Amino acid sequence: MRYRLNDLTGGQTVLSGAIPGRKLLSTMIAATRSSETPTPAFLDFDRVEVATASFLREAVIGFRDYARQSLPNVYPVVANLLPAVAEELDFFVRARGDALWSCELDANDRVLSARLIGDLDPAQRSTFEAVIELGAITAPELAVRFASQGIGPTAWNNRLSALATKGLLVERKQGKSKSFSPLLEIA
Numbered sequence: 015m016r017y018r019l020n021d022l023t024g025g026q027t028v029l030s031g032a033i034p035g036r037k038l039l040s041t042m043i044a045a046t047r048s049s050e051t052p053t054p055a056f057l058d059f060d061r062v063e064v065a066t067a068s069f070l071r072e073a074v075i076g077f078r079d080y081a082r083q084s085l086p087n088v089y090p091v092v093a094n095l096l097p098a099v100a101e102e103l104d105f106f107v108r109a110r111g112d113a114l115w116s117c118e119l120d121a122n123d124r125v126l127s128a129r130l131i132g133d134l135d136p137a138q139r140s141t142f143e144a145v146i147e148l149g150a151i152t153a154p155e156l157a158v159r160f161a162s163q164g165i166g167p168t169a170w171n172n173r174l175s176a177l178a179t180k181g182l183l184v185e186r187k188q189g190k191s192k193s194f195s196p197l198l199e200i201a
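So the sequence shown is numbered by our numbering: it starts at 15 and just counts up by one.
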């Protein structure tokens, strides 16, 4: 799924304010359907030159939080950010101790490059990097693989679940446990 924000806001290239952000949030919520399988929801900022922190808080973070709570297989990703918008969003999510997937998309919704914007605490960062390196993995597998760190399966599961809540990892039921994998690959 792809939401072209420039189109959804009537061609506006400057997106500012909490009220317009909430209006766009409502539009995206109304247009989003649940999915049987993990599905990225690309918030395409193509042609958006400026977006303020208040707009980003309401529209982007609001949609991410809504999707992660109400639509467990929908994973919001920001796409095609111009430098000024990327800088504002990065500054905003870092200040919150948060992170989001960002990517470049082609016309056919193929991810050309992907990266995290924002910041993760050191424990989340090392967990995220382990999943990027290893691919789909469970908390017990991480506990065995990194036994020298003395981190048990429950702690690994908590870290993995926190990253899934942020929409960075896909969580899948695997028997009695859950496996986690990156939503996008780091380019």
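Note that beta-carbon positions come from the ideal geometry of N, C-alpha and C, so glycine has one too. Please read all numbers here as calculations on a predicted model, not as lab measurements.
**OP:** Give a yes or no on whether the C-beta atoms belonging to Leu85 and Lys180 are separated by under 9 Å.
**Re:** no
Subject >> C-alpha gap between Ala65 and Leu96, whole angstroms >> reply: 10 Å
Original post:
Using DSSP with H/G/I as helix, E/B as strand and the rest coil, what is Gly132?
Top reply: strand
**OP:** Could you check if Asn122 is buried or exposed, using at least 16 other CB atoms within 10 Å of its CB as the buried criterion?
**Re:** exposed
Original post:
From Ala67 to Leu130, what distance separates their C-alpha atoms?
Top reply: 18 Å
Subject >> Cβ-Cβ distance between Leu198 and Ala128 below 9 Å >> reply: yes
Original post:
Can you name the start and end residues of the alpha helix (DSSP H) that Pro34 belongs to?
Top reply: 32-45
Original post:
Smallest Cα separation from Val202: which of Leu22, Val184, Leu19, Gly189?
Top reply: Look at the range of the chain in this structure, 15 to 201, and you will see that residue 202 is not part of it.
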